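Residue numbers (our numbering), protein chains in the order written: chain A, 199 to 313; chain B, 1294 to 1405.
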């Protein structure tokens, strides 16, 4: 597709369940980012991939959160034992090469609600 | 650590009014600065950017100047339109990898 695609657009789950969120970046973009946006806040950085490897995972809040990008394209954000505080919009962005001045292209996000 | 502070909204203006959304930052070194916009039902998209002091970014009638002396990057537009209604986010790059640090966002509503 032409832009960054994220699925599902909405996910409602129960506390304690496991959730996967998928991101399909723009074709050819080597850099991929995950952000989390809580209500009334700006996006907060979670993790950055350059190719297949997680180059910076310093934003992941705890070990319940994990992300993979096995073939350097599609990425999956995985959340174990979900908590109500995990409710947020999870945004994915990609960039042609990464780096300080490259433009990030964002998807529309996956809204996660933990009941 | 690095941070961005932008004026709280919501901001409501009449069509053709002048717009200013204030943004200040705290950072070590000399970050690149950005304004992103989120239109209703759409993803965040880059509006404009500036990569060094005194640079002016501009796009779609919006402008912002990188002011190192006041650590500011205020967004301005001389005459807003209803179609400018959106949430605007100021951001800086948090390192060499391109990950961004965002402000909380300012919601703009323009009335006809």
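Beta carbons are placed, not taken as given, at the ideal position from N, Cα and C, and that holds for glycine.
Everything numeric in this text was worked out from a predicted model, so none of it was measured.
Delimiting residues of the beta strand (DSSP E) encompassing residue 278 of chain A: As a working note, residue 278 of chain A is residue 80 in the first chain. Residue 278 of chain A -> no beta strand (DSSP E), and no H or E assigned at all.
Alpha carbon of residue 1309 of chain B to alpha carbon of residue 219 of chain A, nearest angstrom: On the second chain, residue 1309 of chain B is found 16 positions in, with the first residue counted as 1. On the first chain, residue 219 of chain A is found 21 positions in, with the first residue counted as 1. Those two C-alpha atoms are separated by around 41 Å.
Simplified DSSP state of residue 284 of chain A, which is helix, strand or coil: In the first chain, the residue the question calls residue 284 of chain A occupies position 86. Of the three classes helix, strand and coil, the one that applies to residue 284 of chain A here is helix, per DSSP.
Beta-ladder partner(s) of residue 1406 of chain B, from DSSP: This structure gives no information on residue 1406 of chain B, because the portion of chain B shown stretches from 1294 to 1405.
Chain B within 8 Å of residue 229 of chain A, Cβ atoms only: One-based indexing of the first chain puts residue 229 of chain A at position 31. Closer than 8 Å: yes.
Boundaries (first-last residue) of the beta strand (DSSP E) holding residue 245 of chain A: Along the first chain, read from residue 1 onward, the residue named residue 245 of chain A stands at position 47. It spans 242–248 - the beta strand (DSSP E) in which residue 245 of chain A sits, taken as one unbroken run.
Anticipated Cβ contact below 8 Å, residue 1370 of chain B with residue 1326 of chain B, distance rounded: Here residue 1370 of chain B refers to the residue found at position 77 of the second chain. Here residue 1326 of chain B refers to the residue found at position 33 of the second chain. That pair is no contact at about 17 Å.
Listed by chain order, chain B residues near residue 241 of chain A by CB distance under 8 Å: Here residue 241 of chain A refers to the residue found at position 43 of the first chain. Within 8 Å Cβ-Cβ: 1337, 1382, 1393, 1395.
Residue 222 of chain A - containing beta strand (DSSP E), residue span: By 1-based counting over the first chain, the position of residue 222 of chain A is 24. 217–222 is the extent of the beta strand (DSSP E) around residue 222 of chain A.
Integer-rounded CB distance, given that residue 1398 of chain B should sit under 8 Å from residue 1298 of chain B: On the second chain, residue 1298 of chain B is found 5 positions in, with the first residue counted as 1. On the second chain, residue 1398 of chain B is found 105 positions in, with the first residue counted as 1. Going by Cβ atoms, the distance from residue 1298 of chain B to residue 1398 of chain B rounds to 12 Å, so no, they are not a contact pair.
Residue 234 of chain A versus A/226, A/272, A/295, A/277, residue with shortest Cα-Cα distance: Against the first chain, residue 234 of chain A aligns to sequence position 36. Closest by alpha carbon: A/277.
Amino acids of chain B, ordered along the chain, whose beta-carbon sits closer than 8 Å to that of residue 246 of chain A: As a first step, residue 246 of chain A is located in the first chain; it is residue number 48 there, counting from the start. Correct list: 1390, 1391, 1392.
Same chain only: Cβ atoms within 7 Å of residue 1359 of chain B, ignoring 5 sequence neighbours per side: The sequence position of residue 1359 of chain B within the second chain is 66, counting from 1. Counting only Cβ-Cβ distances below 7 Å, and skipping sequence neighbours, we find 1326, 1343, 1345, 1346, 1347, 1348, 1366.
beta-carbon residue 1311 of chain B near the ligand GDP non-hydrogen atom, thresh 7 Å: This structure does not include the ligand GDP; it has no bound ligands of any sort.
Cα-Cα separation, residue 1353 of chain B to residue 212 of chain A: Residue numbering aside, residue 1353 of chain B sits at position 60 when the second chain is read from its first letter. Residue numbering aside, residue 212 of chain A sits at position 14 when the first chain is read from its first letter. Roughly 43 Å between the two C-alpha positions.
Residues near residue 207 of chain A in its chain [Cβ-Cβ closer than 8 Å; skip 5 each side]: Walking along the first chain from the start, residue 207 of chain A turns up at place 9. The answer, listed in chain order, is 306, 307, 308, 309.
C-beta atoms of residue 230 of chain A and residue 244 of chain A nearer than 8 Å: As a first step, residue 230 of chain A must be located in the first chain, where it is residue number 32. As a first step, residue 244 of chain A must be located in the first chain, where it is residue number 46. Taking 8 Å as the Cβ cut-off, residue 230 of chain A and residue 244 of chain A do not qualify as a contacting pair.
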